[in-house]
Amino acid sequence: MSLNTSLIGTEIFKIFAFWGTILALKLIAMVPLTAYYRFKNKTFSNPEDAITLKGAKVATNDPEIERVRRAHLNDLENILIWYIVTFVWLTTNPSVWLASLLIRSFVIARILHTLVYAIFAKQPHRAIVFFIGYATTLYQAANTLLFYM
Numbered sequence: 069m070s071l072n073t074s075l076i077g078t079e080i081f082k083i084f085a086f087w088g089t090i091l092a093l094k095l096i097a098m099v100p101l102t103a104y105y106r107f108k109n110k111t112f113s114n115p116e117d118a119i120t121l122k123g124a125k126v127a128t129n130d131p132e133i134e135r136v137r138r139a140h141l142n143d144l145e146n147i148l149i150w151y152i153v154t155f156v157w158l159t160t161n162p163s164v165w166l167a168s169l170l171i172r173s174f175v176i177a178r179i180l181h182t183l184v185y186a187i188f189a190k191q192p193h194r195a196i197v198f199f200i201g202y203a204t205t206l207y208q209a210a211n212t213l214l215f216y217m
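Following the working numbering, the numbering of the sequence shown begins with 69 at its first residue and continues without gaps.
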């Protein structure tokens, strides 16, 4: 096995960059989603924000807002580590087919996770898509460890 030292510019890196950017945009989209529920429910976490809207209140326990915030936190806990693990895993020179499959699977799983967590709360769908992403990251991390042992 040889280390792929010219990763940037390869087909695999282009796939990672494209789908990783979609994932970044999905993560960024959580901010206006949270704001949507804050304005819809007229519930803010800071008094200075509540002043701007008639009838608004300050609370940190709104179920809809907290669901979106938990989904966002789950993203932050899982997506960052995926970026790191995947980038390092790509240095092991995996096949384009496998890299494409795993990268796309993770990104699609995270998008679906947000939908079935924050918007259309549904189990076991949320657990299934969570574990697809989790298993993908775990496989890549284990594969990287084995490659560099």
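In this text, a Cβ means the ideal position worked out from N, Cα and C, and glycines have one as well. Small disclaimer: the values here were computed from a predicted structure and weren't measured.
To the nearest angstrom, how far is it from the Cα of residue i to the Cα of residue j?
i	j	result
Ala118	Arg106	10 Å
Ala186	Leu121	24 Å
Ala210	Lys94	26 Å
Val164	Glu145	27 Å
Ala97	Pro162	31 Å
Thr212	Asn142	24 Å
Met217	Lys82	27 Å
Asp130	Glu116	18 Å
Ser74	Lys125	54 Å
Assuming residue i and residue j are in contact, meaning their beta carbons sit under 8 Å apart, how far apart are those beta carbons, in whole angstroms?
i	j	result
Thr160	Ile133	About 41 Å separates the two Cβ atoms, so there is no contact after all.
Leu158	Phe84	6 Å
Thr205	Trp150	5 Å
Ala139	Thr182	5 Å
Arg135	Ala195	Not a contact, Cβ separation roughly 15 Å.
Leu170	Gln208	7 Å
Gln76	Ala167	Correcting the residue identity first, residue 76 is Ile in this sequence and not Gln. About 14 Å separates the two Cβ atoms, so there is no contact after all.
Let me make sure I understand the geometry here. Which of the options has the alpha-carbon closest to that of residue i?
i	options	result
Asn109	Ala97, Ala127, Ala210, Met98	Ala127
Phe199	Val184, Ala167, Ala177	Ala177
Ala219	Arg137, Leu148, Pro100	This structure cannot speak to residue 219, because the chain is shown only from 69 to 217.
Val153	Asn142, His193, Tyr202	Tyr202
Pro100	Lys82, Arg137, Glu116, Pro131	Arg137
For residue i, which residues of its own chain have a beta-carbon under 7 Å away from its beta-carbon, when the five flanking residues on both sides are left out?
i	result
Gly123	Lys110
Ser173	Ile200, Thr204
Val230	Given that the chain is displayed from residue 69 to residue 217, the structure contains no residue 230 and the question cannot be resolved.
Lys184	Here residue 184 turns out to be Val, not Lys, going by the sequence shown. So the qualifying residues of the chain are Lys190, His193, Arg194, Val197.
By Cβ distance below 6 Å, which residues in the same chain neighbour residue i in space, the five residues on each side in sequence not counted?
i	result
Leu180	Val197
Ser113	Thr128
Val156	Thr212
Of all the CB atoms in chain D, is at least one closer than 8 Å to the CB of residue i?
i	result
Pro100	Here chain D cannot be found, since the structure has a single protein chain.
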